[in-house]
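See structure below.
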Amino acid sequence: KSREEIPDFSDRQDEIGNLSIAVRDMTNALYARIEAIESFAADVSHELKNPLTSLRSAVETLPLAKNDTSRARLMEIIQHDVKRLDRLITDISDASRLDAELARED
2 KSREEIPDFS DRQDEIGNLS IAVRDMTNAL YARIEAIESF AADVSHELKN PLTSLRSAVE
62 TLPLAKNDTS RARLMEIIQH DVKRLDRLIT DISDASRLDA ELARED
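Using the numbering used here, you'd call the opening residue of the sequence shown number 2 and step up by one each time.
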């Protein structure tokens, strides 16, 4: 992604100079925010894929289980992974809500 550069008129000692500084600062803050959101999305994706992979594996293995002990163990894994996903989603929701509140305060 190319980043558009805002012309720098900050050496001007008038409204244009002040506006240039303000626009450049806001643009830099916006790019930093976009980068943080992209990083957060990548982290969330990674964190969700781990329990999903385990869950998928347990669900696919369940029909192949030969005895009740194996089935019970697979069900424990499934329940554990569902709880993990629920916790992750709650944490993500809480973080998003907090981020939105902090953004409104700025």
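Note that beta-carbon positions come from the ideal geometry of N, C-alpha and C, so glycine has one too. None of these values were measured; they are calculated from a predicted model.
Classification of residue i by the beta-carbon crowding that lies within 10 angstroms, buried from 16 upward
| i | result |
| --- | --- |
| D69 | exposed |
| L75 | buried |
| A42 | exposed |
| A101 | exposed |
Residue i to residue j span [Cα, whole Å]
| i | j | result |
| --- | --- | --- |
| H47 | A23 | 36 Å |
| R98 | R57 | 29 Å |
| S21 | V60 | 58 Å |
Assumed close pair residue i, residue j - CB separation to whole angstroms, cut-off 8 Å
| i | j | result |
| --- | --- | --- |
| V45 | I93 | 6 Å |
Worksheet entry | Stretch pair the stretch 78-91 + the stretch 45-59: three plus CB contacts closer than 8 Å | Pairwise C-beta distances place the stretch 78-91 in contact with the stretch 45-59, as three or more of them are shorter than 8 Å.
Discussion item. If contact is defined by three or more beta carbon pairs under 8 Å, each pair taking one atom from either stretch, is the stretch 2-11 in contact with the stretch 21-31?
Written reply: Segments in contact, yes.
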